[in-house]
Amino acid sequence: MKEELQAIESEALAAVEEAEDSQALQEMKVKYLGKKGSLTTVLRGMGKLSKEERPVIGELANNVRASITEALEAKTEKLEREALDKKLETETIDVTLPGNPVHVGGRHLLTSIMEEIEDLFIGMGYEVKEGPEVETDYYNFEKLNLPKNHPARDMQDTFFITNELLLRTQTSPVQARTMEAYQGNRPIKMICPGKVYRRDTDDATHSHQFRQIEGLVVDKNITLSDLKGTLDVFAKKMFGKDRKIRLRPSFFPFTEPSVEMDVSCKVCNGEGCSVCKQTGWIEILGGGMVHPRVLEMSGYDSTIYSGFAFGMGQERIAMLKYGVNDIRHFYTNDVRFLSQYHQA
Amino acid sequence: MLVSYNWLRNYVNLDNVTPEELAEKITRSGIEVEGIEYLAPKSENIVVGYVKSCEKHPDADKLNLCQVDVGEESLQIICGAPNVGAGQKVAVAKPGAKLPNGMKIKKVKLRGVESNGMICSLQELGLDEKYIPADVAEGIFVFPEDAEVGEPVQELLNLDDAILDLDVLANRPDALSMLGVAYEVAAILDQPIELPDENLTVDESIEAKDYIDVKIDSIENNPYYGAFIIRDVEIKPAPLWMRNYLMASGIRPINNVVDITNFVLLEYGQPLHAFDYDQFGSKQVVIRQGKENETMVTLDDQERQLNENNLVITNGKEPVALAGVMGGADSEVTDGTTNLLLEAAYFDSASVRHTVKQTGLRSESSTRFEKGVDPNRVKRAGIRACSLLQKYANGKVAGSVVEVDALDKSEKSVTVTTAKINQRLGMGLDEKDVTSVLSRLQFEFSKNGEEIIVQVPTRRLDISIFEDILEEVIRIYGYDHLPYTIPQGWVQAGGLTDIQLLQREIKNYLSSAGLMETLTYSLTNEKDATRFLTPDIEEKPAYPVGLAMPMSEEHSHLRLSLIPEMLRVLQHNVARTQTDLAYYEIGKVFVSREEKVVNQPIENLHVAGALTGLWHNHPWQQEKKPVDFYVAKGIVEGLFAHLELDVTFVQTKMEDMHPGRCAVIKLNGKGIGYVGQVHPLTAKDFDVKETYVFEIDLESVFAVHQLAPSFTDIPRYPSVTRDIAFILDNDVPAGDVQAVIMEIGVPLVKEVSIFDVYQGEHMEEGKKSVAYRLLYQDPSRTLKDDEVDASYQEIIEKVNNQFGSYVRS
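Have a look at this one:
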């Protein structure tokens, strides 16, 4: 019997090796291991064996079965893998063809700039205040130390709606409204971004509508040095940590003293070039210490409280930061312009 | 204000400061110098020459052959100028000289005769044509006789001057005068100042009051008027140096009298006016308000209509000048003038501003009165002019001035302490740092303990309070010395409000959805201002807000919708072959409840979108998906899903929108916006193709939105789905059925979606099949088949009852 079992094993292994498809393997499984298969047939003769022979032959038979089963499984796996490889080969595509384009939207460059400035000041503990774009003469001018007939009103050509209503020429009325709302009895740290309007003919550097962002801090013992330090933080964040600032005296009716802030030119590093008109400096924004009359008009006692304020045009910041050469680009909304700056 | 560096040297020592350095220092101290202009580049080879002889060129009628003594040598020069003649002193460019226009002078032969240089006109020497006086505009320039032969012309003609262009802001009218700038520069450089000569030898035999009387009817607008009488003036050109300074300051010289009044105006910042006394028309100056229907002809030969708001100078009968603005034509100084009435007056700035605004006339005089002049310099300027008229017009100045004087000339005093200055600056200055600045500014002061009491000179109209002195101290001491600090003490948590955060979130969503943000103008034209209004948003009427005086029709009214300007953006891009566009914008619209606007309008924040062209385009795969209604609606649905708000869409009709493809968006039953296709005719109007838009009132969203969503546990038990296809009448909105299914299915039905819509073949006429998928779920247990079946049957029954539908088998 032993010889018979060994003969079955070697015949089966050889046949499995020869098999070419899974159907042939299935047939072999039946032929050798099935109920009527050759191995089973041989094992039926076990009863005629002696007690001593039986366990020996039994173990051999099990080994033979395991060996054939293993060979069948291995061969099945091999054939399946071969079939899969063949199929995948036929699925080959041209990977150099373009992929499906993804629609990318994004924020307007001015929104990105505005949010960047907002976040910078929020980080320093400022709240963000907003106000109406159609303002009263009172909040846009009078509350800011610009009484009717004041010569400095000519500095800003205004779109009037009625004698008392106008399109705000600056975001400063939001400061006046906030001071009034706080009734002179608590400190203030705020910025106010928003649209403003002036009677300017639209050209490369002027726009009848533009955006400002202003800041106001009121507390006991606010100093001009506090303004300088704050603006320095701003300038370094917006224009680079190597930038320097300088203050120059200026005039605004709502601040005294008033200053302009220049930032050292990024292009020439302060050496002088065409961008900074050979001065090494670029004018960025205006500011100053809040005029005592402005504080008093909104209920702040100017002998106890002092404050600083500053304001800038967002377009100017964006133009300087990104080298945009025409303010009209912001309002024409040419997709080829907008898509240069999506930072959604 | 154009400031001549050479002129300024008459008052302050500038030996150790170049024009560039000076400009930088002035800018850093408070008045921005916008530019420096040099009249002409330096040239040693242009000198004064004496024309010894002048004969006709032998071969050319229009050329002259001149022998010119230029000091060390004599040059033969051919000159074509008609006004050249023997005995003249002229500007000679010698061979080797280079003229400002780039021309190089060489020895040449003209028609066979040698010419060794060129006799020059002022234009050729580099002076701006528009400032060159009429009497020397044609031909070569002839020097006065005292010019020294061989001397370089640069200095004589002030061509070596540097002109500083000062941007003087409204607070510093004192810097609209050479003296004011001199005080400023003296303070900056810590130098003394030399004041002009006001010495005057009067002719005691002439009594001004015999010639003129002054009467002011409007003393509040004209608190000072001084009338000087100068007899027997000789009208001729002003001295060369004065003409040079005027030209450098951008004023064209006319004659000695006019030039002297202009010179003093620039020097003192005090406008003066010289009348021809003999043409004045009376012996009395009466200053009063104008009358209705009164007219006068000003110097520019324009007839001016006057009213009671105009202050006028009259001769007692009729106006002879618009006070502080412009003189009249009748009493103008001419070549025939011999006697002068010189006016030195103080006119109120508001009054002058009114006349300027009304007439549109703005002059060197009116600019200074509008901004304010120094009350203590009015009369002195008159005296200075008289002194110059005596010297350069041989005038005899009357022994006294006739004046009416109610002018407050007192100085203000402001008290400061060093401690208070330091407290506001955040610095540690010594008292002497403060007082030294005051001394440099020539402000007098006294001390009382810690207090410094500053006497503010009347030339500095901008200084009246502590903060003004503070500014003087720090601007002269130097802003660079300020330390960098951050406000100490009070702290608040900075941040955005919920509404501001929500706006950023909406921008995040729309940007992620593939839309690009635009920024358009709030001002649009009148017609577009009232287009694209959301239906039934509110029952009250909405009027647009118009500007009183728009700059153009395109930007005359504030918008009630963002869409028209966005369509214009689409049009701009489409015209530039950018055809596939998806835009959004967040901005305010302005709603007035009054037809005639009196009160501030309501400002509502809107979000809007505009889409056209292809939404997807995968060209080589032949997959193109144009934008359609459902693309636009999907963006809106996604937005509200993102905001966790339930909205419904109801078919609607709207002007400017496709009658069959427009839905009003409802939140809690109230219309808050719309989505749909722009009417093809409107699209044509805006020159765009098939376009879909949406617009939502964000104020309505802010009113109900909760920023922080609460936590819902993720379901642990399996869900069950069931599908039903209903055969519905065509006009039954699929969404209505969906809503009813949801309503009936509550609480087990969690979602109802539509997965198939069919119309056409094998379908009864006028019917459609809509297939719904229902998702059943209970968060606390596994559902049993029979309870789902029961709900399913109930839904079928009730839908069929309500909509007359049946289930497709």
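Those protein sequence lines, which keep their order, are chains X and B.
Counting from 1, position 336 in the first sequence corresponds to residue 633 in my numbering; the numbering is continuous, with no gaps.
Counting from 1, position 374 in the second sequence corresponds to residue 415 in my numbering; the numbering is continuous, with no gaps.
The C-beta atom is built at its ideal place from N, Cα and C for all residues, glycine as well.
Assigned exposure category for residue i - 16 Cβ within 10 Å defines buried
i                        : result
tyrosine 671 (chain B)   : exposed
leucine 722 (chain B)    : exposed
asparagine 397 (chain X) : exposed
leucine 236 (chain B)    : exposed
alanine 641 (chain X)    : Per-residue confidence for alanine 641 (chain X) stands at a pLDDT of 41, beneath the threshold of 50, marking its modelled position as unreliable; no derived number is given.
lysine 332 (chain X)     : exposed
arginine 284 (chain B)   : buried
proline 429 (chain X)    : buried
arginine 378 (chain X)   : exposed
serine 846 (chain B)     : buried
aspartate 529 (chain X)  : buried
arginine 152 (chain B)   : exposed
lysine 420 (chain B)     : buried
valine 298 (chain B)     : buried
Strand pairing of residue i, partner residues [DSSP]
i                          : result
serine 603 (chain X)       : X:Asp516
lysine 665 (chain B)       : B:Asn658
glycine 679 (chain B)      : DSSP lists no partner for glycine 679 (chain B).
phenylalanine 14 (chain B) : Outside the displayed range of chain B (42 to 850) lies residue 14 (chain B), so it cannot be described from this structure.
threonine 762 (chain B)    : B:Leu816
glutamine 117 (chain B)    : B:Gln108
tryptophan 578 (chain X)   : X:Ser561
asparagine 489 (chain B)   : B:Glu492
Alpha carbon of residue i to alpha carbon of residue j, nearest angstrom
i                           : j                           : result
glycine 315 (chain B)       : glutamate 461 (chain X)     : A small fix is needed here, since residue 315 (chain B) is alanine in this sequence, not glycine. Using only the alpha carbons, I get a separation of about 42 Å.
phenylalanine 507 (chain X) : leucine 617 (chain X)       : 15 Å
isoleucine 365 (chain X)    : leucine 310 (chain X)       : 6 Å
serine 70 (chain B)         : tyrosine 252 (chain B)      : 48 Å
threonine 337 (chain X)     : serine 832 (chain B)        : 59 Å
arginine 425 (chain B)      : aspartate 176 (chain B)     : 26 Å
valine 648 (chain B)        : isoleucine 737 (chain B)    : 5 Å
tyrosine 799 (chain B)      : phenylalanine 844 (chain B) : 17 Å
isoleucine 510 (chain X)    : glycine 402 (chain X)       : 25 Å
alanine 138 (chain B)       : lysine 171 (chain B)        : 25 Å
lysine 299 (chain X)        : valine 392 (chain X)        : 59 Å
alanine 132 (chain B)       : valine 58 (chain B)         : 30 Å
proline 123 (chain B)       : tyrosine 46 (chain B)       : 35 Å
cysteine 570 (chain X)      : leucine 55 (chain B)        : 28 Å
glutamate 349 (chain X)     : glutamate 386 (chain X)     : 57 Å
alanine 385 (chain B)       : isoleucine 292 (chain B)    : 20 Å
serine 451 (chain B)        : leucine 166 (chain B)       : 48 Å
Beta-carbon proximity of residue i to residue j, cut-off 7 Å
i                       : j                           : result
aspartate 376 (chain B) : isoleucine 271 (chain B)    : no
alanine 589 (chain B)   : phenylalanine 438 (chain X) : no
serine 43 (chain B)     : isoleucine 173 (chain B)    : One detail in the question is off: residue 43 (chain B) reads as leucine in this sequence, not serine. It is not a contact, given that the beta carbons lie outside the stated cut-off.
leucine 635 (chain X)   : methionine 557 (chain B)    : yes
arginine 79 (chain B)   : lysine 130 (chain B)        : Here residue 79 (chain B) turns out to be tyrosine, not arginine, going by the sequence shown. It is not a contact, given that the beta carbons lie outside the stated cut-off.
threonine 502 (chain X) : isoleucine 624 (chain X)    : yes
proline 632 (chain B)   : alanine 583 (chain B)       : For clarity, residue 632 (chain B) is valine in the given sequence; the question names proline instead. Yes, Cβ-Cβ distance for valine 632 (chain B) and alanine 583 (chain B) is below 7 Å.
glutamine 483 (chain B) : valine 414 (chain B)        : no
valine 438 (chain B)    : glutamate 411 (chain B)     : no
Min CB distance residue i to chain A below 7 Å
i                       : result
histidine 598 (chain B) : Looking for chain A here will not work: the only protein chains present are X and B.
Near the ligand SAH: residue i beta-carbon under 6 Å from a heavy atom
i                     : result
alanine 649 (chain B) : Ligands displayed in this structure: none; no statement on the ligand SAH is therefore possible.
- Specify whether the stretch 399-418 of chain B and the stretch 361-372 of chain B touch according to this definition: at least 3 beta carbon pairs, one from each stretch, less than 8 Å apart. yes
- Would the stretch 342-356 of chain X and the stretch 387-396 of chain X be scored as touching if the rule is three or more Cβ pairs under 8 Å? no
- Would you check if there are 3 or more beta carbon pairs closer than 8 Å linking the stretch 552-569 of chain X to the stretch 524-544 of chain X? yes
- Decide if the stretch 307-327 of chain B is in contact with the stretch 240-259 of chain B; the criterion is three or more beta carbon pairs, one per stretch, under 8 Å apart. yes
- Query: Are three or more beta carbon pairs between the stretch 652-659 of chain B and the stretch 717-735 of chain B nearer than 8 Å?
  - Reply: yes
- Item | Segment contact, 8 Å Cβ cut-off, at least three pairs: the stretch 571-579 of chain X with the stretch 486-498 of chain X | no
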